[in-house]
Structure formats: structure tokens, C-alpha cells
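Novice: Residues 2 to 241 in our numbering are what the sequence shown lists, from first letter to last.
Cβ atoms here follow ideal geometry from the backbone N, Cα and C, with glycine treated the same way.
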Amino acid sequence: MSEIASNIISLRQTLPPHVRLVAVSKTRSINEILEAYNAGQRCFGENRVQEILNKKDLLPLDIEWHLIGHLQRNKVKFIVPFISMIHSVDSLKLLSEINSEASKLDRVVNVLLQVHIAMEETKFGFSREEIVAMMTSEGVNDLQHVCICGVMGMATFTSDTDQVTREFKSLIALYHSLKEKYFHSDEHFREISMGMSGDYELAIKEGSTIIRVGSLILVNDQKKHRYSRSHTVLCSPDIR
Ligand SMILES: *Cc1c(COP(=O)(O)O)cnc(C)c1O
Numbered sequence: 002m003s004e005i006a007s008n009i010i011s012l013r014q015t016l017p018p019h020v021r022l023v024a025v026s027k028t029r030s031i032n033e034i035l036e037a038y039n040a041g042q043r044c045f046g047e048n049r050v051q052e053i054l055n056k057k058d059l060l061p062l063d064i065e066w067h068l069i070g071h072l073q074r075n076k077v078k079f080i081v082p083f084i085s086m087i088h089s090v091d092s093l094k095l096l097s098e099i100n101s102e103a104s105k106l107d108r109v110v111n112v113l114l115q116v117h118i119a120m121e122e123t124k125f126g127f128s129r130e131e132i133v134a135m136m137t138s139e140g141v142n143d144l145q146h147v148c149i150c151g152v153m154g155m156a157t158f159t160s161d162t163d164q165v166t167r168e169f170k171s172l173i174a175l176y177h178s179l180k181e182k183y184f185h186s187d188e189h190f191r192e193i194s195m196g197m198s199g200d201y202e203l204a205i206k207e208g209s210t211i212i213r214v215g216s217l218i219l220v221n222d223q224k225k226h227r228y229s230r231s232h233t234v235l236c237s238p239d240i241r
């Protein structure tokens, strides 16, 4: 078995049943993604629209693609036809654009509201106040072609686990208050996307339902060649 396959299988074995794994495949090759696919992984996350578009036609059709990175409004139309979930919605304007492209195709697109929970300035996302403002605005009720499934957040990149824990707790608290106020009877609003390679265990402990893990499981090509030179990809082309 390839290193990627065994990484995926052993990680999945440790996950509670309510936690889904999005394998983050940004910068990974088609062959690396296929190794994960052959280990049963179907859910992959990318942070750039162009990279998903380049990869998806070379890969099996039953892969569920998740967009986890910042999305520009002018790129929305390219991913709406096939995307399984957009984790990175950070404005009402973006949400409206997704809704409008989805309505043209008579689709409903699953989205998460990205919340800024980290100390760093650079991370995208709504503040708590901005989400409340959006939820109480008129526009949000007209969006019949998006399904708001929950929230997403990225903790500060730090080894200070107390800080990461505090940030995760703040996302969980916000999720519960949004649930109570605006999504009380909406069964779709139930996801909390938090946790990456370095902090997914903490995230699960705090209540994550979706973890986005890349570097821990998808070793890069060079490393793969060093460790398993003879490996061949098992996926037959007619799976496509
Ligand atoms: C790259 C990325 C991840 C995965 O990061 P790893 O540390 O490689 O697990 C998760 N979420 C987002 C938004 C990312 O851009």
C-alpha cells in the first residue's frame, strides 16, 4: 500500500463517526490524489478555483470537491456547476453571486460562512458582527439557491494550544448562537469546519464536524519517490 493510502486509512480510523475528512489536495499531483482516492477518499479540498478546474477533468467523477480558499466573485460561475461545498463565503455579495449563478442552473449550492477567529490579520472571514448584520439584512432571505450549512474557521498558526483552543471555542460558540437565532429549525445548518494537520485533534475535541487535512496525509511527490519508487497507481482510467 502507498504511504498516502495508509496515512488516509489510519487517520480515518481515528475519526469519530460524525467527523468528515476533507483531504486537502492543493499543490498535490493527480497521482497523489488518485492514491488517496484508491484508499477510499472521495472528498477533496482545494483553495484555488483554477487548480480545481485543472484537476477535476483528469480525475474520477465521483470526487466531491470542496473549495476552502478565498473565492473572488468573478470566479464563482466556474465552480457552481459541480462544487460540493464552498467553505469560504465571507460576504453577502459573494453569497448573492453564488445564489445567482446557481439559480441559472437550478442548483442549490452548499456553503459555509467563514469566520475570522485567528489573531493574524491576513486570514479572510466575517467578524461576528458582520455575520449578524448579514443575517438580519433583507437580502439574505431571497437566496433560494444557496444552502448555508454552517461555519468554517482557521486558528492562528501557533504552537500555543491554549490560544488555538480558545479560537476553536469561539467558533463553536458563534455556531451555537447563529443556530439558535437564525437556523433553529434548519436541519442543514449543522457543520463546523475546523482543524488542519497541526490542530485537527484539538478541533475534534472542541466539536468540529469537518476537518481539512493536507500535509499530514498527502506527502509530496519528491518524498514519495524517495520512499516508494516502485509504486504504481491502481486506479483504472475507466473509473472516470
Ligand atoms: C492548506 C489548507 C488546509 C490544510 O492545511 P494542512 O496544514 O496541510 O493540513 C486547510 N484549510 C485551508 C483553508 C487551507 O488553505
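Could you work out which residue in G126, V90 and E102 is closest to L113 when comparing CA atoms only?
Specialist: Nearest C-alpha to L113: V90.
Novice: In whole angstroms, what separates the C-alpha of G41 from that of S138?
Specialist: If I take the Cα positions, the gap works out to 42 Å.
Novice: When DSSP labels each residue in this structure, what does F169 get in the three-state scheme?
Specialist: Here F169 sits in helix by DSSP.
Novice: Where are the beta strand (DSSP E) runs, 3 residues long or more, that stay fully inside the stretch 138 to 196, in chain order?
Specialist: Listed in chain order, they are 147 to 154 and 192 to 194.
Novice: Going by the beta-carbon positions, is the gap between E207 and T166 smaller than 8 Å?
Specialist: Against a cut-off of 8 Å, the Cβ pair of T166 and E207 comes out as a contact.
Novice: What does the shell around ligand 1 hold, if a residue joins when its beta-carbon is under 5 Å from any heavy atom?
Specialist: The set, ordered by position in the chain, is V25, N48, I69, M197, S198, R213, V214, G215 and S216.
Novice: Tell me whether K182 is buried or exposed, calling it buried when 16 or more other Cβ atoms sit within 10 Å of its Cβ.
Specialist: The residue is exposed, with fewer than 16 neighbouring Cβ atoms inside 10 Å.
Novice: In three-state DSSP terms, what is N111?
Specialist: Three-state DSSP puts N111 in a strand.
Novice: What did DSSP end up calling R21 once you bin it into helix, strand or coil?
Specialist: Strand at R21.
Novice: Looking at the structure shown, is R49 part of a helix, part of a strand, or coil, going by DSSP?
Specialist: In the structure shown, R49 sits in coil (DSSP, three-state: anything other than H, G, I, E or B).
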